[in-house]
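Asks: Pasting in a structure now, in structure tokens, and then I'll have a few things to ask.
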Amino acid sequence: MRRVSLTAKEKRREVLAKLEKFGYDLYDQLERGILPDIIMPSRSIDNIYYSPELRQYTLGDKKIRRSASNIRHLRPIAQLVWMAYFVHELTASQKTSTLRDVFYSAQAYDIPFKNQDESDDIITDLETILGCTREDFNVFPEERSAVFGDLTIEYTIPNYEGKRLNLTSHPDGVMIGPALTSAEFIETNADKVIAIEKGGLFTRFIEERVHERFKAILVFLGGQAPRSTRYFIRRLNQELGLPVYVFTDADPWGMHIAMVIISGSANAAHVKELTTPDAKWAGVWASDIVSYKLPSDKLEDIDVKRLHELLRDPRYKGEPWQREINTFMRIQKKCELEAFSRYGLTHIVDKYLPQRLKDLGE
Amino acid sequence: MEIISQVFQEISPADFFYRNREIAGFANPARAIFSAIRELVENSFDATEPLGILPDIYIRLSSNNEGEEGEKIYVLRVRDNGSGIPADYIPLAFCQFLFSSKYRLKQSRGTFGLGGTMAILYGQITTNKPVKVISSTGSQKIYEYTLMIDIERNRPIILDRKIYENDARWHGTIVELSLEGDYAKAMPKVLEYLKQTAIANPYANITFVDPRGRLYKFERAVSNLPPPPKETLPHPHGVDVETLSRIIRVTRCKTLLDFMQEHFHRVGRHTAKRFLDFAGFPEDADPKKLKPEEVVKLVQAMKNFNGFFPPDASCLSPLGEEILRAGILKELEPEFVAVTQRKPSAYSGHPFIVEVGIAYGGKVPPAEDVLLYRFANKIPLVYDESGDVCWRIIKSINWRKYGLMPGMPVAILIHICSTKIPWKTVGKEMIADRPEVSREILNGVREVARKLGTYLSRKERIKREKARISFFVKYLPKIAEFSAKLAGKEKIPNIEDLLRRARRFEES
Ligand SMILES: Nc1ncnc2c1ncn2[C@@H]1O[C@H](COP(=O)(O)OP(=O)(O)O)[C@@H](O)[C@H]1O
Ligand SMILES: [Mg+2]
Numbered sequence: 003m004r005r006v007s008l009t010a011k012e013k014r015r016e017v018l019a020k021l022e023k024f025g026y027d028l029y030d031q032l033e034r035g036i037l038p039d040i041i042m043p044s045r046s047i048d049n050i051y052y053s054p055e056l057r058q059y060t061l062g063d064k065k066i067r068r069s070a071s072n073i074r075h076l077r078p079i080a081q082l083v084w085m086a087y088f089v090h091e092l093t094a095s096q097k098t099s100t101l102r103d104v105f106y107s108a109q110a111y112d113i114p115f116k117n118q119d120e121s122d123d124i125i126t127d128l129e130t131i132l133g134c135t136r137e138d139f140n141v142f143p144e145e146r147s148a149v150f151g152d153l154t155i156e157y158t159i160p161n162y163e164g165k166r167l168n169l170t171s172h173p174d175g176v177m178i179g180p181a182l183t184s185a186e187f188i189e190t191n192a193d194k195v196i197a198i199e200k201g202g203l204f205t206r207f208i209e210e211r212v213h214e215r216f217k218a219i220l221v222f223l224g225g226q227a228p229r230s231t232r233y234f235i236r237r238l239n240q241e242l243g244l245p246v247y248v249f250t251d252a253d254p255w256g257m258h259i260a261m262v263i264i265s266g267s268a269n270a271a272h273v274k275e276l277t278t279p280d281a282k283w284a285g286v287w288a289s290d291i292v293s294y295k296l297p298s299d300k301l302e303d304i305d306v307k308r309l310h311e312l313l314r315d316p317r318y319k320g321e322p323w324q325r326e327i328n329t330f331m332r333i334q335k336k337c338e339l340e341a342f343s344r345y346g347l348t349h350i351v352d353k354y355l356p357q358r359l360k361d362l363g364e
Numbered sequence: 007m008e009i010i011s012q013v014f015q016e017i018s019p020a021d022f023f024y025r026n027r028e029i030a031g032f033a034n035p036a037r038a039i040f041s042a043i044r045e046l047v048e049n050s051f052d053a054t055e056p057l058g059i060l061p062d063i064y065i066r067l068s069s070n071n072e073g074e075e076g077e078k079i080y081v082l083r084v085r086d087n088g089s090g091i092p093a094d095y096i097p098l099a100f101c102q103f104l105f106s107s108k109y110r111l112k113q114s115r116g117t118f119g120l121g122g123t124m125a126i127l128y129g130q131i132t133t134n135k136p137v138k139v140i141s142s143t144g145s146q147k148i149y150e151y152t153l154m155i156d157i158e159r160n161r162p163i164i165l166d167r168k169i170y171e172n173d174a175r176w177h178g179t180i181v182e183l184s185l186e187g188d189y190a191k192a193m194p195k196v197l198e199y200l201k202q203t204a205i206a207n208p209y210a211n212i213t214f215v216d217p218r219g220r221l222y223k224f225e226r227a228v229s230n231l232p233p234p235p236k237e238t239l240p241h242p243h244g245v246d247v248e249t250l251s252r253i254i255r256v257t258r259c260k261t262l263l264d265f266m267q268e269h270f271h272r273v274g275r276h277t278a279k280r281f282l283d284f285a286g287f288p289e290d291a292d293p294k295k296l297k298p299e300e301v302v303k304l305v306q307a308m309k310n311f312n313g314f315f316p317p318d319a320s321c322l323s324p325l326g327e328e329i330l331r332a333g334i335l336k337e338l339e340p341e342f343v344a345v346t347q348r349k350p351s352a353y354s355g356h357p358f359i360v361e362v363g364i365a366y367g368g369k370v371p372p373a374e375d376v377l378l379y380r381f382a383n384k385i386p387l388v389y390d391e392s393g394d395v396c397w398r399i400i401k402s403i404n405w406r407k408y409g410l411m412p413g414m415p416v417a418i419l420i421h422i423c424s425t426k427i428p429w430k431t432v433g434k435e436m437i438a439d440r441p442e443v444s445r446e447i448l449n450g451v452r453e454v455a456r457k458l459g460t461y462l463s464r465k466e467r468i469k470r471e472k473a474r475i476s477f478f479v480k481y482l483p484k485i486a487e488f489s490a491k492l493a494g495k496e497k498i499p500n501i502e503d504l505l506r507r508a509r510r511f512e513e514s
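Listed in order, the protein sequences are those of chains P and Y.
Going by the numbering used here, the residue at position 342 of the first sequence is 344; the numbering climbs one at a time, nothing skipped.
Going by the numbering used here, the residue at position 413 of the second sequence is 419; the numbering climbs one at a time, nothing skipped.
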């Protein structure tokens, strides 16, 4: 059993220190009678690059400068400093908050945000400046996904600190929220992670005891996976050394859900540690529609348009991407995960899954 | 032969004007009320302002009939503190058409002895009541006449004449006439007319009591008058065959050389010689012996000769920038005002001056188009705006160039004064499009619009600057507070200096 590289506590201390330094820099400039400025990496399109080494999008060298001497920057700087202060309080007291919560909290400090988009943006700025994710400073998105499998964790949040839980304890799975994200991994008997796009199939897998039969930790993605879920999958992969397999619908959108787990999104180019470069898209592939004779639908115009976009996307350079995109184009068909039910409810678990895991070098 | 049994008959001027009363502005009962007030008020101005008297004009319109709607009989009474009229002239001045003291060539409001007399005629026709005129020139006597017009013969009929002692040496004139009209319909135009009159004549006190007893008072805001116009000779460019014939009839000059110098504006000996040479007339020709075709030839030559000096403007009485500004400030109470008086110019030998004012905000209502106030010889023109050259010019301007958007409260005032206003129609409500005049109007409007533009952009700059400062005041303390808290400092950095510097930037 591998130990966590950085314990949750150390991580917290590091984030707090970064926030304090950010505040100190501004404080210091003001003390010296200077209108302060903030320099940070630019997140504009022309500064987002795909890095083949990192296998994800990253930011280039371009910097932007926000200066309090510029009237248009005054407000965002004030918002940013307040945000840093607010999340510092959160993190220090080990409380969590959601994006929406943060937006409303600002009002109590007379820091105006036009709407939640504006406050979300400032949080993204703070991530960029500090080089860590909002989950690191305890701000979580609304949507939650779930995990089920033989993994024992130990909570680090107040009131639960030291308490342990095995993630098979609840038959619906355990929600991947702030408490789980910051928990330490204690031990596991699993040897792989299976991530599933859809809730129905996640439940089926639990019912069919896939976690035992395949020694797998099951993760329910709920469509495009939230960042905390991506971060959690990465931890499973990095800290526990478990290979990750992602199952999605057989269409360009499902394919991209897998891709974002593997290589990240351009939106999150400013943060690292959200991707799992070694994860694998395990299906359902376009070629499966042919070989398994799955019931399918015709590709629609926007599906085809999306496929053309993906073909030009640097993340889709290698295999199986090129092969599968071309197959989609050739057969002009797509299908859902549930399509396997045509052969009976358990066919996917009994036949397809073992075969695919074997194919992928299990 | 039977065919020639048509009846030829001569009609008197009074008869003519009665038959063509729409020309004089008495086409319908509403318009009649408006025009009667206007004519009497203008006579009062002509009897005060050019003589150096600050006008006090009192107007009362009353009616015995109940209710407000519809046509009915009104009594109109206008009193002024003007020169008064010598007793013997009173009947002629008011009850004979084309009898006027204003045939001389200088700027005045009335012109042919038509306006006031027309109002009296209209009153007589519609009510069969006489007019009462009370007047004194400031002598020991006040005269009161009760008069009617003998329409067919264009002569006054004196019904009664009373004489009062004038111990107080009052001078002025009171005219009281009855007429049929429709005040309810005329009211908006009447009030607009009075308000605009007050703008162009801020040195006057004008009081109006309407049939309901409502009092409208426009008080004097300045006590200096525009310079009075000097009488002038006709400029050769503006002379027509009829005028020339009339002058020939009365002249005592024996030679054309003398004649030209004696009777025309700015013609000296040298110019007269050059002109006669150009026209091909001997200098010593006797003007009275010119044949009709020679008179025509001489008029043609006057029009075509380029060597005359342009007319000077001493016969004009513009408002002047100070008075125009005062009038605008008084009635519109704008946030910003700019005025300009263009240099005198001439069209066809008639001198004219254009004055333009612009007002922004205050009582000027915001509107899609700019609000246009037109004046000719200090008289507001409140009818037929869209046919006027001023309107065309206003519409042709790209207001955005001056930072003006539709929906802004902007009023433009255009005043043209001339010995001969270039009217578009006999109705005298629209100025015609004469290139010389239009050019001056356009340039005048541009000039004041530019000034307003400068003001507005300055105002905008100040507003932006204020917003900038308020940003500093609002956000800098926040930055200081939260950065100090993050840094774990007790003391919040002192940002007074930074704020002060931001402010200083504002003043520079
Ligand atoms: N209020 C008045 N005070 C002095 N004179 C007046 C007044 N009203 C009219 N007059 C005299 O009567 C004349 C005729 O007036 P009117 O018929 O209005 O013609 P106009 O004003 O064109 O001369 C004027 O020229 C003027 O001499
Ligand atoms: Mg008159």
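We treat Cβ as the ideally placed atom computed from N, Cα and C, and that holds for glycine.
Everything numeric in this text was worked out from a predicted model, so none of it was measured.
Kindly indicate which residue of P:ASP39, P:LEU32 and P:ILE47 has the alpha-carbon position closest to the one of P:SER267.
Replies: It is P:ILE47 whose Cα lies nearest to the Cα of P:SER267.
Asks: Who are the Cβ neighbours of Y:LYS294 in its own chain at under 7 Å, not counting the five residues just before and after it?
Replies: So the list reads ILE254, once near-sequence residues are dropped.
Asks: Taking the runs of the beta strand (DSSP E) that are 3 residues or longer, which of them lie wholly in the stretch 148 to 180 of chain Y?
Replies: The qualifying runs are 161 to 171.
Asks: For P:GLU186, which three-state DSSP category applies?
Replies: Residue state, collapsed to three classes: strand.
Asks: At a CB-CB cut-off below 8 Å, which residues of chain Y make contact with P:VAL83?
Replies: Within 8 Å Cβ-Cβ: LYS484, ILE485, PHE488, SER489 and LEU492.
Asks: Please report the Cβ distance between P:LEU37 and P:ALA70, rounded to the nearest whole angstrom; I am assuming they are in contact, meaning their Cβ atoms lie under 8 Å.
Replies: So it is a contact: roughly 4 Å between Cβ atoms.
Asks: Would you say Y:PHE224 lies against chain P (beta-carbon separation less than 9 Å)?
Replies: Closer than 9 Å: no.
Asks: Give the DSSP-derived three-state secondary structure of Y:HIS421 in the structure shown.
Replies: Strand.
Asks: To the nearest angstrom, how far is the alpha carbon of Y:GLY129 from that of Y:LEU82?
Replies: Cα to Cα, Y:GLY129 sits roughly 10 Å from Y:LEU82.
Asks: Between Y:ALA352 and chain A, is any beta-carbon pair separated by less than 9 Å?
Replies: Included in the structure are the protein chains P and Y, with no chain A among them.
Asks: Give the residues from the stretch 66 to 83 of chain P that approach chain Y closer than 7 Å (Cβ to any Cβ), ordered along the chain.
Replies: From the stretch 66 to 83 of chain P, only ALA70, ILE73, LEU76, ARG77, ILE79, ALA80 and VAL83 have a Cβ closer than 7 Å to chain Y.
Asks: Could you work out which residues of chain Y lie near P:GLU28, taking near to mean beta carbons separated by less than 7 Å?
Replies: Glu is not the amino acid found at residue 28 of chain P; the sequence shown has Leu there. The answer, in chain order, is ILE485 and SER489.
Asks: P:ILE125 touches chain Y at which residues, Cβ-Cβ below 8 Å?
Replies: None at all; the shortest Cβ gap to chain Y is about 15 Å.
Asks: For the candidate residues P:PHE105, P:LEU128 and P:ASP119, whose alpha-carbon lies nearest to that of P:MET42?
Replies: Answer by Cα proximity: P:LEU128.
Asks: What are the partner residues of Y:LYS213, as DSSP defines its beta bridges?
Replies: Position check: residue 213 of chain Y holds Thr in this sequence, whereas Lys was assumed. The partner list for Y:THR213 (beta bridge, DSSP) reads Y:TYR64 and Y:LYS223.
Asks: Judging by CA-CA distance, which residue of Y:LEU57, Y:TYR95, Y:GLN102 and Y:GLY116 is the nearest neighbour of Y:ALA382?
Replies: Closest option to Y:ALA382, Cα to Cα, is Y:GLY116.
Asks: So with CB distances below 8 Å, who are the chain P contacts of Y:LYS495?
Replies: By Cβ distance, chain P contributes TYR29.
Asks: DSSP state of P:GLU120, grouped into three classes?
Replies: P:GLU120: helix per DSSP, three-state reduction.
Asks: Y:GLY4 and Y:GLU45: beta carbons closer than 9 Å?
Replies: Residue coverage of chain Y in this structure runs from 7 to 514, which leaves residue 4 of chain Y outside it and unanswerable.
Asks: CB of Y:GLY88 to nearest heavy atom of ligand 1: below 8 Å?
Replies: At least one heavy atom of ligand 1 is nearer than 8 Å to the Cβ of Y:GLY88, so yes.
Asks: Please confirm whether P:TYR365 has its beta-carbon closer than 9 Å to some beta-carbon of chain Y.
Replies: There is simply no residue 365 of chain P to check, as chain P begins at 3 and stops at 364 in what is shown.
Asks: At a cut of 8 Å, does the stretch 232 to 245 of chain P reach the stretch 269 to 282 of chain P through at least three beta carbon pairs?
Replies: Short answer: they touch.
Asks: Mapping the DSSP letters down to three states, classify P:ARG4 as helix, strand or coil.
Replies: Bear in mind that a pLDDT of 39 at P:ARG4, under 50, signals an unreliable position, so the model cannot answer this.
Asks: Any residues in the stretch 461 to 474 of chain Y with a beta carbon nearer than 7 Å to a beta carbon of chain P? Which ones, in chain order?
Replies: Answer set for the stretch 461 to 474 of chain Y: ARG474.
Asks: Would you call Y:PHE315 buried or exposed, if buried means 16 or more other Cβ atoms sit within 10 Å of its Cβ?
Replies: The residue in question, Y:PHE315, is exposed, as its Cβ has fewer than 16 Cβ neighbours within 10 Å.
Asks: Please report the residue range of the alpha helix (DSSP H) in which P:ALA80 lies.
Replies: Start and end: 73 to 94.
Asks: Check P:ASP361 in the structure and name its three-state DSSP category.
Replies: Helix, per DSSP.
Asks: Suppose you measure from the CA of Y:SER141 to the CA of Y:ILE164; what does that come to, to the nearest Å?
Replies: Taking the straight line from one Cα to the other gives about 15 Å.
Asks: Could you work out which residue in Y:GLU186, Y:TYR222, Y:ALA210 and Y:LEU60 is closest to Y:PRO194 when comparing CA atoms only?
Replies: It is Y:TYR222 whose Cα lies nearest to the Cα of Y:PRO194.
Asks: Check whether the stretch 397 to 414 of chain Y touches the stretch 457 to 466 of chain Y, counting contact only when three or more Cβ pairs, one atom from each stretch, lie closer than 8 Å.
Replies: Flag = yes, the stretch 397 to 414 of chain Y and the stretch 457 to 466 of chain Y touch.
Asks: When every heavy atom of ligand 1 is checked, does at least one fall within less than 8 Å of the C-beta of Y:LEU153?
Replies: It does not: the Cβ of Y:LEU153 is nowhere closer than 8 Å to a heavy atom of ligand 1.
Asks: For Y:ALA508, which residues in the same chain have their Cβ closer than 7 Å to its Cβ, ignoring the five residues on either side in sequence?
Replies: Within the same chain, Y:ALA508 has close Cβ partners ILE475 and PHE478.
Asks: Is the stretch 77 to 96 of chain P in contact with the stretch 479 to 493 of chain Y, if contact means three or more CB pairs nearer than 8 Å?
Replies: Contact holds: three or more Cβ-Cβ distances are below 8 Å.
Asks: Mind listing, in chain order, the continuous alpha helix (DSSP H) runs of no fewer than 4 residues lying wholly within the stretch 300 to 332 of chain P?
Replies: Counting only runs of 4 or more, we get 303 to 314.
Asks: Please decide whether Y:GLU513 counts as near chain P, where near means a Cβ-Cβ distance under 9 Å.
Replies: Because the pLDDT at Y:GLU513 is just 46, under 50, the model does not fix this residue reliably, and the point stays unresolved.
Asks: Exposed or buried, P:TRP287, counting other C-beta atoms within 10 Å across all chains shown (16 or more means buried)?
Replies: Buried, since its Cβ has 16 or more Cβ neighbours within 10 Å.
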